[in-house]
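Data first, discussion second: the structure below is written as structure tokens.
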Amino acid sequence: MSDYKERHENEIFTKVLKAGRRTYFFDVRETKAGDYYLTITESKKNFGENGEATFEKHKIYLYKEDFKSFEEMFKDSTDFIIGQKGEDVISERHDKDFKTKSFTIESDEEI
């Protein structure tokens with residue numbers, strides 16, 4: 002069994018959003034009881050003084066009973082930000098022509 006498969010054997014569905022130095026993983030996983038939950042992982046690529054890449058990861062576990070409230074608060078928060086600051090990115094680090102990419106990993110072979 003591959004290392005990827007061992008680490009992700011309880012994943013049912015994965016979506017990946019690449020956004021500059023950050024990558025967001027939306028993984029549907031299965032509990033031991035057979036129910037599903039969502040993990041959202043932010044992975045940020047950093048480079049050490051020797052030029053070696055490292056990844057800083059932060060993870061959120063989201064369960065079905067919290068989906069509706071989470072979705073409402075997420076929408077309220079993003080609507081507030083867009084309403085206050087618009088959709089243009091205000092940062093010299095971001096190129097206005099930068100396009101994010103989203104894809105789904107279907108199998109080990111795609112890694």
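Under the working numbering, the first residue of the sequence shown is numbered 2, with each subsequent residue one higher. Where a beta carbon is used, it is the ideal one built from N, C-alpha and C, also for glycine.
message = Using a Cβ-based criterion (distance less than 7 Å to any ligand heavy atom), does TYR25 qualify as near the ligand COA?
response = Ligands in the displayed structure: none, and consequently the ligand COA is not present.
request  = Inspect the CB distances between the region 55-65 and the region 26-42 and report whether three or more fall short of 8 Å.
outcome  = yes
request  = Would you give the residue range spanned by the beta strand (DSSP E) that GLU31 belongs to?
outcome  = In the sequence shown, residue 31 corresponds to position 30, counting from 1. From DSSP, the beta strand (DSSP E) with GLU31 extends over 23-31.
query = In this structure, does DSSP put SER92 in helix, strand or coil?
reply = For this step, residue 92 is matched to residue 91 along the sequence shown. Of the three classes helix, strand and coil, the one that applies to SER92 here is coil, per DSSP.
query = Taking buried to mean at least 16 other C-beta atoms within 10 Å of its own C-beta, is ASP77 buried or exposed?
reply = By one-based count along the sequence shown, residue 77 stands at place 76. Looking at its Cβ environment, which holds fewer than 16 other Cβ atoms inside 10 Å, ASP77 is exposed.
ask   = Between which two residues does the beta strand (DSSP E) harbouring GLU43 extend?
value = Within the sequence shown, the letter at position 42 stands for residue 43. That run of the beta strand (DSSP E) goes 37-48.
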